[in-house]
Structure formats: C-alpha cells, structure tokens
Amino acid sequence: MPLPDGVRIREIAPRLTFQDHTVPTDVKIELMRRLVDAGVRGFELSSFVRPDLVPGLADAAEVFARVPRVPGLSLGCCVGNARGLARAVDAGADTAHFLLSADEEFARANIGRSTADSLRELERMAAYAADKDILLGTYVIFAWGGPTGPARTGEDLQPLARRLLDIGVEHWILADSSGYAAPSQIRELVASALTHIPPGNLTVQIHDGRGMGLAALLPLLELGVRAIDTSLAGSGGHPAMPGAQGGGLCTEDAVQMLELCGVNTGIDLPRLIETANWLTGEVGVPGKGFVRHTGRVPSTARPGDPLAFTW
Numbered sequence: 001m002p003l004p005d006g007v008r009i010r011e012i013a014p015r016l017t018f019q020d021h022t023v024p025t026d027v028k029i030e031l032m033r034r035l036v037d038a039g040v041r042g043f044e045l046s047s048f049v050r051p052d053l054v055p056g057l058a059d060a061a062e063v064f065a066r067v068p069r070v071p072g073l074s075l076g077c078c079v080g081n082a083r084g085l086a087r088a089v090d091a092g093a094d095t096a097h098f099l100l101s102a103d104e105e106f107a108r109a110n111i112g113r114s115t116a117d118s119l120r121e122l123e124r125m126a127a128y129a130a131d132k133d134i135l136l137g138t139y140v141i142f143a144w145g146g147p148t149g150p151a152r153t154g155e156d157l158q159p160l161a162r163r164l165l166d167i168g169v170e171h172w173i174l175a176d177s178s179g180y181a182a183p184s185q186i187r188e189l190v191a192s193a194l195t196h197i198p199p200g201n202l203t204v205q206i207h208d209g210r211g212m213g214l215a216a217l218l219p220l221l222e223l224g225v226r227a228i229d230t231s232l233a234g235s236g237g238h239p240a241m242p243g244a245q246g247g248g249l250c251t252e253d254a255v256q257m258l259e260l261c262g263v264n265t266g267i268d269l270p271r272l273i274e275t276a277n278w279l280t281g282e283v284g285v286p287g288k289g290f291v292r293h294t295g296r297v298p299s300t301a302r303p304g305d306p307l308a309f310t311w
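Note that full-length UniProt numbering numbers the sequence shown so that position 290 is 290, with each residue one more than the last.
Right, dumping it as structure tokens:
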C-alpha cells in the first residue's frame, strides 16, 4: 500500500514527560504555545488521576483552562476511572482515554485492579460518556508485552478486542509502553486490531527505548494507520519502569522522516527543533533523539544545475 499524503501527529510530552518531571504550570502553557505555533494540533495534555499518585499532573484542570485554543486543536487526556472522566468533561477535554493494561500483573500492582475489573469500570464510563460532549477511548498499555509478562501477538489481543467492542469503545491507543516490540511484531498486532476497528479509530504509541521506533512508522502507515503518538525530544518515561531508557518516539525525528518520505504532518520542523532545545535546555527535561543534535537533512536539490563529481 502506498504511503498517505498526510498523518496526524499527537504530541504526548505534556502528559508523558510531566507525569514524573514536575514543572510549574506556566512552563506547560509556554510549551503548548510553542507547539501550537509550530503547527501541532493534537495533544495528550494531562491525566485526571489522583494528585497524590501523580503530583506532576495535579494541575490538569488549570492547564486545560489556560491552553491557547486555535481552530483544529484536539485536546486529550488519560483517565483512570469514572471520577477522572467527569473531571475531564468539566475541563472541556475533547477526548479521554482510559488506562487499560494488557499486562495482568502490572494491572494489579500499579493500577490497583485486575484487567477484568478495569473493563467493568470502563463499561460504566461508556454509559456515562454516551450523552457527554467527549470521545471516550481506551489505551491498551503494554499491548506487546510488559515488564512482568511475555510478548503478545494479535491472537492474544482478540478476546480483549471483542470485549471492548461489546462495551462500545471503538477508539483505541495501542501502546508499546515497554519499548520491547520489533517493527514486525508491531505490524502483526496492529494488522490484527484493524480487523476489529477502522484505521481512523486507531492510534499507535511507541516508546523508543531500544532504537526501533522510527523503523515501525512506515509499516504502520502502509497498514492504514493515520494517527501516531510522539513525544517532543523523545522525552518521558514510565513511572512503573523507572530504570527504562528512552521515552516516547521523538516527535522531531518522526516529523523529519515522514516529511522526507513525502508524508505531510503540517508541523514546522525548525520551530519544533527550537522548542525541543528549549525543553531540554532551559527547562532541563532529559531528552533523546537525533535531529536536534545533528540538524535537519540539508536540501541539496538545485533545479537546473547538472550533477558534478570531483574525482
């Protein structure tokens, strides 16, 4: 399948990075201003969870109230239960994604309930959201396996996929939260998910702790995926895996590669790089990635000039 003309980049650094790297609310608003000015239009802005558990996101409602609004902007969040969803509705979130773990041991140890109990909570939330002005979806974190479980395949996903459809939740984010999955594994499981929901309902989030993230992008687009989660400067991590290296797939690296492949993101790469340098420099957030260090791939095309070689 040919690559699409465009893809939707959803920036998740405001949630993924600041959940364990606490910064003042004013810094978050300044980051959003810079990213919006660079052309980013999709965000996961924060999480509506217990402030004592994630103090770095305790200002979620204030961030939603103060973020600059422009046409085409979509502001999303994570929620852990019905109370969090109600707070997201009150804050004016456009989308909310429930945190559902495919790793049962992780679910019990870190979310505090089994996956089955989480699905029952999601069912109650879906009923609540039915007449609210918000789109309710779900994460499937550790979709390809987690710190305590084996690697997972598309076949492993089938029972969970059917249960989600029974509940009526048809917008999913498949997250390689551990960064364990190879591109071939990501392709196989995503292809399986797309037998249940259309490509427009699926977002894929890759954590790039082992340098395999960019390699998975083009196969995903060839499958029809049009929404990708990325994190500015490759920042962020996972609170339950504090020793893990690497955060989300680096936004500026992904934008450069996609644009070089002819896939439009609508994002101004020089401004994005400038913002990534501000985040890692002035703000002091740890980051990874390449393009902000090496610079953009230079444009060497000069129409009308013949090729010349010096031997």
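Where a beta carbon is used, it is the ideal one built from N, C-alpha and C, also for glycine.
Excluding sequence positions up to five away, which residues of its chain have a Cβ less than 8 Å from the Cβ of residue i?
i	result
L3	L218, L221, E222, C261, G262 and V263
D103	I141, F142, G145, G146, P147, T148 and G149
S231	E11, I12, A13, L16, T17, G247, G248, L249, C250 and T251
A82	E121, R124, M125 and Y128
A193	G154, L157, A161, W172, L174 and L202
L75	F43, L45, F64, V67, G92, A93, D94 and T95
T25	D59, E62, V63 and R66
R292	A233, E252, I273, A276, N277 and T280
So is residue i buried or exposed if we call it buried at 16+ other beta carbons inside 10 Å?
i	result
D59	buried
G248	buried
L272	buried
E155	exposed
D176	buried
G237	buried
D179	The identity of residue 179 in the sequence shown is Gly, whereas the question assumes Asp. So G179 counts as buried.
L165	exposed
D208	buried
S47	buried
A181	buried
S118	buried
S235	buried
M212	buried
M1	exposed
D5	exposed
V70	exposed
V49	buried
V285	buried
residue 362	A query on residue 362 cannot be resolved here, the shown segment of the chain reaching from 1 to 311 and no further.
W311	Reliability of the predicted coordinates at W311 is poor, the pLDDT of 47 falling under 50, and the value obtained from them is presented with this limitation in mind. The residue is exposed, with fewer than 16 neighbouring Cβ atoms inside 10 Å.
Taking the alpha helix (DSSP H) that residue i belongs to, which residues open and close that run?
i	result
Y128	T115 to A129
F64	A60 to R66
Q19	Unbroken run through Q19: none, as it is neither H nor E.
H293	V291 to T294
G154	G154 to I167
S192	P183 to A193
G213	G213 to L223
G84	A82 to A91
I29	T25 to D37
I273	L269 to T280
T251	T251 to L260
Can you find the residues in the same chain that come closer than 7 Å, C-beta to C-beta, to residue i, ignoring five residues on each side of it along the sequence?
i	result
E123	I167
G295	none
A216	P183, I186 and I206
V297	Q256 and L260
L99	C78, G80, I111, Y139 and I141
For residue i, report the span of its beta strand (DSSP E) as first-last.
i	result
V140	L135 to I141
L79	The question names Leu, yet the displayed sequence has Val at residue 79. Where V79 is concerned, the enclosing beta strand (DSSP E) stretches over S74 to V79.
T230	A227 to T230
T95	T95 to S101
V204	L202 to I206
D176	W172 to D176
E11	R8 to E11
residue 312	The chain is shown from 1 up to 311; residue 312 falls before or after that span and cannot be answered.
Using only alpha-carbon positions, find the residue among the options that is nearest to residue i.
i	options	result
L53	V27, D37 and Q19	Q19
A96	R210, P198 and D133	D133
I9	P298, R292, E259 and S299	E259
L269	R87, A191, R69 and V40	V40
T115	P198, L73, A151 and R163	R163
D131	N110, Y139 and A86	A86
If residue i sits next to residue j, beta carbons under 8 Å apart, how far is it from one beta carbon to the other, in whole angstroms?
i	j	result
V204	V27	The pair is not a contact, with the Cβ atoms about 28 Å apart (cut-off 8 Å).
V7	I228	6 Å
S101	A107	4 Å
L189	A254	Actually they are not in contact, since the Cβ atoms of L189 and A254 sit about 20 Å apart, beyond 8 Å.
V169	G137	6 Å
R226	G200	6 Å
In chain order, what residues of the same chain lie with their CB nearer than 6 Å to the CB of residue i, ignoring the 5 residues before and after it?
i	result
A233	A276, L279, T280, G287 and G289
R34	T275
T22	G56
G224	P199
G72	R41
R210	G179
A151	G145
Please find out if some non-hydrogen atom of the ligand SAH comes closer than 7 Å to the beta-carbon of residue i.
i	result
H196	Because no ligand of any kind appears in the structure shown, any question about the ligand SAH cannot be addressed here.
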